[in-house]
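Undergrad: Line order of the protein sequences matches chains A and B.
Just add 157 to wherever you are in the first sequence, counting from 1, and you've got the working numbering.
Just add 103 to wherever you are in the second sequence, counting from 1, and you've got the working numbering.
Here a beta-carbon is modelled for each residue, glycine too, at the ideal position from N, C-alpha and C.
The structure's right below; bear with me while I get my questions together.
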Amino acid sequence: MHLSVNGVSKSFGEGRHAKLVLDDISFSIKSGEFVALVGSSGSGKSTVMRLIAGLERPSAGVIALDGKTVRGPGSDRGMVFQKYSLYPWMTAAQNVAFGMSLQGLTKALVRERTGYFLEVVGLQDSARRLPKELSGGMQQRVAIARALAADPKVVLLDEPFGALDLQIRESMQEFLYQLWQRSGLTALLITHDLEEALLLAQRVHIMAPRPGRIVRTVEADLDRSNLAHLRVSPPFLELREELVNTLRTLDGAAS
Amino acid sequence: MRSPWLLGPLGIIVVLLLWSLISLSGAVDPLFLPSPPAVWQAAATQFQEGILVGDALASIQRVFFGFALSAGLALPLGIAMGSNPLVCRLLEPLLGLIRYMPAPAFIPLLIIYFGLGELPKVLLIFIGTFFFNTLMIMDAVKFVPPELIETALTLGGRGLPILTRVVAPFIAPQVIDAYRINMASAWNLVIVAELVAANEGLGKRISLAQRFLRTDEIFVGLIVIGLIGLLIDLGFRAVLRRSCRWAN
Numbered sequence: 158m159h160l161s162v163n164g165v166s167k168s169f170g171e172g173r174h175a176k177l178v179l180d181d182i183s184f185s186i187k188s189g190e191f192v193a194l195v196g197s198s199g200s201g202k203s204t205v206m207r208l209i210a211g212l213e214r215p216s217a218g219v220i221a222l223d224g225k226t227v228r229g230p231g232s233d234r235g236m237v238f239q240k241y242s243l244y245p246w247m248t249a250a251q252n253v254a255f256g257m258s259l260q261g262l263t264k265a266l267v268r269e270r271t272g273y274f275l276e277v278v279g280l281q282d283s284a285r286r287l288p289k290e291l292s293g294g295m296q297q298r299v300a301i302a303r304a305l306a307a308d309p310k311v312v313l314l315d316e317p318f319g320a321l322d323l324q325i326r327e328s329m330q331e332f333l334y335q336l337w338q339r340s341g342l343t344a345l346l347i348t349h350d351l352e353e354a355l356l357l358a359q360r361v362h363i364m365a366p367r368p369g370r371i372v373r374t375v376e377a378d379l380d381r382s383n384l385a386h387l388r389v390s391p392p393f394l395e396l397r398e399e400l401v402n403t404l405r406t407l408d409g410a411a412s
Numbered sequence: 104m105r106s107p108w109l110l111g112p113l114g115i116i117v118v119l120l121l122w123s124l125i126s127l128s129g130a131v132d133p134l135f136l137p138s139p140p141a142v143w144q145a146a147a148t149q150f151q152e153g154i155l156v157g158d159a160l161a162s163i164q165r166v167f168f169g170f171a172l173s174a175g176l177a178l179p180l181g182i183a184m185g186s187n188p189l190v191c192r193l194l195e196p197l198l199g200l201i202r203y204m205p206a207p208a209f210i211p212l213l214i215i216y217f218g219l220g221e222l223p224k225v226l227l228i229f230i231g232t233f234f235f236n237t238l239m240i241m242d243a244v245k246f247v248p249p250e251l252i253e254t255a256l257t258l259g260g261r262g263l264p265i266l267t268r269v270v271a272p273f274i275a276p277q278v279i280d281a282y283r284i285n286m287a288s289a290w291n292l293v294i295v296a297e298l299v300a301a302n303e304g305l306g307k308r309i310s311l312a313q314r315f316l317r318t319d320e321i322f323v324g325l326i327v328i329g330l331i332g333l334l335i336d337l338g339f340r341a342v343l344r345r346s347c348r349w350a351n
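Take a look at the structure:
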């Protein structure tokens with residue numbers, strides 16, 4: 158699997174009112190990688206994700222998955238939104254099964270895979286509960302299970318924990334990291350939280366706003382055997398501090 | 104308040120008591136305000152003669168056909184308008200305009216076109232509810248969260264399955280509620296239609312009673328109309344509660 162974003166620009170509006178939101182974005186992701194895009198609001202990071210998902214078209218440049226140009230949404234690029242996008246009338250299990258049944262898998266297979274992916278996210282006991290009966294963290298785990306169950310080549314996570322409380326967010330980060338290690342999924346994480354990005358991703362692209370562009374790319378080669386330790390380890394804090402300063406300078410220069 | 108559900112019946116009982124007291128006191132001529140027992144008696148007589156049930160069935164039948172036609176056509180049109188901006192631009196001003204034409208004002212035209220039979224009454228109910236139903240369904244579709252549709256797209260969903268499996272279930276509670284609200288207009292309009300021209304029906308019975316100064320029968324008609332309307336409303340609420348547990 159190879160996802161490439163090549164010279165992608167995006168403007169909204171037309172003519173004189175056109176506003177450039179993304180300027181010449183290029184990066185790529187290979188199978189099994191965990192990549193993060195970090196930036197403040199207005200840096201266009203969510204737009205990058207929507208372009209990759211095929212929900213919007215780039216104004217210039219090409220996005221290709223395994224050499225095939227992306228021209229619209231498809232199940233090969235799964236997505237997890239920040240706001241809970243579970244279907245409120247479906248149980249957790251029905252939500253997880255939804256993509257597979259849209260794709261026309263047999264009922265037996267859908268049932269089997271639903272059970273499997275609920276177990277992967279540790280929610281097998283909540284299979285028959287409605288989203289409103291689940292906590293915010295549990296809802297996002299269902300959304301992740303639903304995205305994985307549709308068997309995408311890459312999972313796009315758009316601020317998946319942005320609406321959660323701090324403690325839950327930390328445990329969800331642990332959860333996502335372990336999930337990535339176990340299942341070998343390929344993930345692109347969008348976040349404004351630099352710590353989250355450094356903690357989880359092997360490669361972090363830092364974006365600056367107006368127009369949105371990648372200003373720096375960091376290979377976060379860290380020892381992730383224990384995330385709780387990593388959060389407070391000197392190399393991690395040093396790297397974070399340095400990048401926070403970069404971001405601050407960028408925001409200061411832009412505003 | 105330990106049992107607030109008692110407040111509703113309490114309000115009705117208070118009004119009934121006031122009515123009894125006023126008619127017992129003799130302050131108002133019974134010709135204008137018949138006593139509760141007199142109204143009860145008139146209802147019992149009408150019931151025994153089979154008039155009451157016949158009238159009620161005639162009115163209910165008209166509402167049923169008119170509203171079924173309205174609801175059935177409003178659903179696809181409302182969904183089309185809510186999901187397609189072009190269809191919406193084309194039709195919304197037109198529907199918005201017709202909506203403000205009072206349905207009873209169409210009665211003379213309907214009588215000229217279709218005479219005095221069932222068809223003009225059914226069509227009156229259709230005219231009086233179709234535009235409201237359509238616009239309310241359109242609004243419900245417009246407010247489907249985009250994330251729900253986009254998620255379906257990234258899960259491999261396409262046009263029609265997204266309509267039937269995402270949009271339809273999401274708007275179901277609002278559609279049922281729109282039907283419940285507009286059913287009240289349908290029920291009003293059937294009575295208006297029957298006041299103008301009909302052989303039977305609850306509205307017809309009221310206008311006959313007026314001719315013979317039978318205020319007790321007018322009261323019977325009004326109360327029965329109210330009760331049937333209330334039952335229909337409660338029916339819609341029950342359907343909503345049962346079918347859309349997630350929305351409660």
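1. For A/T403, which residues of its own chain have a beta-carbon under 8 Å away from its beta-carbon, when the five flanking residues on both sides are left out?
2. Spell out whether any CB of chain B is found under 9 Å from the CB atom of A/F255.
3. So A/F169 is in the beta strand (DSSP E); what residue range does that whole segment cover?
4. Could you give the DSSP three-state label for B/G175: helix, strand or coil?
5. Where do the ends of the alpha helix (DSSP H) carrying B/A287 lie?
6. Note the first and the last residue of the continuous beta strand (DSSP E) segment covering B/G199.
7. Looking only at its own chain, which residues have a Cβ that is under 6 Å from the Cβ of B/F356, when we skip the five neighbours before and after it?
8. Starting from B/D319, follow the alpha helix (DSSP H) in both directions and report where the run begins and ends.
9. Give me, in chain order, the residues of the same chain whose beta-carbon lies closer than 7 Å to that of A/D223; leave out the 5 immediate sequence neighbours on both sides.
10. I want to see whether chain A comes within less than 9 Å of B/F246, judged by CB atoms only; does it?
11. Check for me: the beta strand (DSSP E) holding A/S185 runs from which residue to which?
12. Given a cut-off of 9 Å, decide if A/T343 and A/E316 are closer than it, judged by their beta-carbon atoms.
13. Would A/E190 and A/R397 be called neighbours here (beta carbons separated by less than 9 Å)?
14. With 9 Å as the threshold, decide whether the Cβ of B/G262 is near any Cβ in chain A.
15. Alpha carbon to alpha carbon, how far is B/A350 from A/R339? Give it in angstroms, no decimals.
16. Could you tell me whether the Cβ of A/A344 comes closer than 9 Å to any Cβ of chain B?
17. For B/P179, is the classification buried or exposed, using 16 other Cβ atoms within 10 angstroms of its Cβ as the cut-off for buried?
18. Go through the region 352-390 of chain A residue by residue and report every complete run of the beta strand (DSSP E) that reaches 3 residues or more, in order.
19. Tell me which same chain residues have a C-beta within less than 8 Å of the C-beta of B/V269, skipping the five on either side of it?
20. Measuring CB atoms only, is the region 233-251 of chain A touching the region 165-177 of chain A, in the sense that at least three cross pairs come out at less than 8 Å?
21. I'd like to confirm the pairing. Which residues does DSSP put opposite A/L345 in its beta bridges?
22. Given B/I230, which residues of its chain have a CB within under 7 Å of its CB, disregarding the five upstream and five downstream residues?
23. Just to confirm before moving on: does the CB-CB distance between A/S185 and A/S161 stay below 9 Å?
24. Is it buried or exposed for B/R340, if we count other Cβ within 10 angstroms and need 16 for buried?
25. Closer than 6 Å by C-beta to B/N285: which residues in its own chain qualify, once you throw out the five before and the five after it? Chain order, please.
26. Only counting the same chain, and skipping five residues up and downstream in sequence, which positions put a Cβ closer than 6 Å to that of B/I309?
27. Under 9 Å between the Cβ atoms of B/C191 and B/M241?
28. Report the CB separation of A/K167 from A/L208 in whole angstroms; it is logged as a contact under 8 Å.
29. Between the alpha carbons of B/I182 and B/V244, how many angstroms are there, rounded?
30. Tell me, which residues are paired with A/R234 by DSSP?
31. Confirm, please, whether the CB-CB distance from A/R228 to A/K254 is below 9 Å.
32. Measure the alpha-carbon distance for B/Q144 versus B/Q151 and round it to whole angstroms.
33. Since A/Y334 meets chain B, which of its residues come closer than 7 Å, beta carbon to beta carbon?
34. Compute the minimum distance between the beta carbon of A/V192 and the heavy atoms of the ligand FMN, and state whether it is under 8 Å.
35. In angstroms with no decimal places, state the Cα-to-Cα distance between A/F318 and A/N252.
36. When you compare only the Cα positions, how much space is there between B/A130 and B/L120?
TA: Based on what the coordinates show:
1. I363, V372, R373
2. yes
3. 159-169
4. helix
5. 271-299
6. Here B/G199 belongs to no beta strand (DSSP E); instead the alpha helix (DSSP H) covers 188-202.
7. The first residue shown for chain B is 104 and the last is 351, placing residue 356 of chain B beyond what the model contains.
8. 318-346
9. M158, H159
10. no
11. 176-187
12. no
13. no
14. no
15. 37 Å
16. no
17. exposed
18. 360-365, 370-376
19. V247, L251, I252, A255, G260
20. no
21. A/V192, A/L313
22. A206, F209
23. yes
24. exposed
25. T232, F235, N236
26. I321, G324
27. yes
28. 6 Å
29. 6 Å
30. A/V311
31. First, the amino acid is wrong: residue 254 of chain A is Ala here, not Lys. No, Cβ-Cβ distance for A/A254 and A/R228 is not below 9 Å.
32. 11 Å
33. Those do not exist, as A/Y334 stays about 23 Å from chain B at its closest Cβ, beyond 7 Å.
34. This structure lacks the ligand FMN, and indeed carries no ligand of any kind.
35. 19 Å
36. 15 Å
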